[in-house]
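Take the sequence shown: its letter number 156 is residue 719 in the numbering used here, and every next letter is one higher.
Positions of the beta carbon are idealized from the N, C-alpha and C atoms, including for glycine.
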Amino acid sequence: MRYFIRLAYDGSPYHGWQVQPHDVSVQQAIEQAMAMVLHAPIGITGAGRTDTGVNAAMMIAHFDTQAPIAHTGRLVHSLNGILGKSIAIYKIFPVASDAHARFDATSRTYKYFIHTLKSPFLNQYSWACHHQLDFDLMNEAAGRLRLHTDFTSFSKLHTDVKTNNCKVTHAQWAPLDGERWVFTITADRFLRNMVRAIVGTLIDVGLHKITVNDFDRVIERKDRCRAGQSMPGNALFLWNITYPYPIE
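The following block contains the structure:
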């Protein structure tokens, strides 16, 4: 039997989603909790691999069991009791035996939050910017992302992926209020560190350090050293994942 899990997590206590040899990860924490409840080792596969400190407002994962789970609601309750405050399991539901949380996903959406007013309350999940940004130019540059497919310039070096090609379908900065902004980006897939590198380079556009055409050239060079800084992970959220079939 295969099941999907819909969950969310605060990434600050974890070294990313994927199991690490010496550091605690979200995947490891959930697998350990499931083994305690189901009295058997359970491996889970996530829809993506968020980096250290990155949050997920929505993550989908799947796992297999030898026998059906009689009460998935009871399992959700038990897991939430073990996992504590940083991980929330929302729902566990059966799916087709060949459904795959990662490979079946058709799009993923990330959001990056920034604020321009000093605040002791926003820093945990938002990046503080103390300079005036030109968001019109940043949006013009963000629109150029849809014209490209190879995002090597925004990828972490020496990764094990077969291709650096992605199809970006949406990328835009929008105000939340007078002092807070959010960058939303949707693509069929993302490379490691890609969103944080894109945001860092767009910040350079907003500070007039580079032009919109320079932003284009950064992508065309396929050289990570040409792009901007990798922004802090605490302000980044995996926000949504879509599939070609309904997700409960």
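Straight-line Cα distance separating residue j from residue i
i, j, result
"residue 570", "residue 703", "34 Å"
"residue 785", "residue 634", "50 Å"
"residue 581", "residue 693", "34 Å"
"residue 810", "residue 655", "11 Å"
"residue 689", "residue 636", "33 Å"
"residue 698", "residue 595", "44 Å"
"residue 747", "residue 660", "33 Å"
"residue 597", "residue 587", "16 Å"
"residue 712", "residue 599", "44 Å"
Proximity below 9 Å, CB of residue i to CB of residue j
i, j, result
"residue 710", "residue 736", "no"
"residue 606", "residue 579", "no"
"residue 791", "residue 760", "yes"
"residue 744", "residue 676", "yes"
"residue 729", "residue 752", "yes"
"residue 593", "residue 632", "no"
"residue 568", "residue 670", "no"
"residue 715", "residue 612", "no"
"residue 565", "residue 657", "yes"
Terminal residues of the alpha helix (DSSP H) in which residue i lies
i, result
"residue 777", "775-784"
"residue 718", "No alpha helix (DSSP H) holds residue 718; DSSP gives it neither H nor E."
"residue 699", "698-707"
"residue 726", "No alpha helix (DSSP H) contains residue 726, which DSSP labels as neither H nor E."
Enclosing beta strand (DSSP E) for residue i [first to last residue]
i, result
"residue 664", "Looking at the DSSP string, residue 664 is not in any beta strand (DSSP E), and its letter there is neither H nor E."
"residue 547", "Outside the modelled stretch of the chain, which goes from 564 to 811, sits residue 547, for which no answer is possible."
"residue 678", "670-678"
"residue 745", "743-750"
"residue 766", "No beta strand (DSSP E) holds residue 766; the alpha helix (DSSP H) holding it covers 757-769."
"residue 650", "650-658"
Counted within 10 angstroms of its Cβ, other Cβ atoms place residue i as buried (16 or more) or exposed
i, result
"residue 610", "buried"
"residue 769", "buried"
"residue 678", "buried"
"residue 624", "buried"
"residue 603", "exposed"
At what residue ranges does the stretch 568-602 contain a whole run of the alpha helix (DSSP H), taking only runs of 4 or more?
-> 589-601
Beta strand (DSSP E) segments (min. 3 residues) lying fully within the stretch 594-648 = If we require 3 residues or more, the beta strand (DSSP E) runs fully inside the stretch 594-648 come out as 607-609, 618-627.
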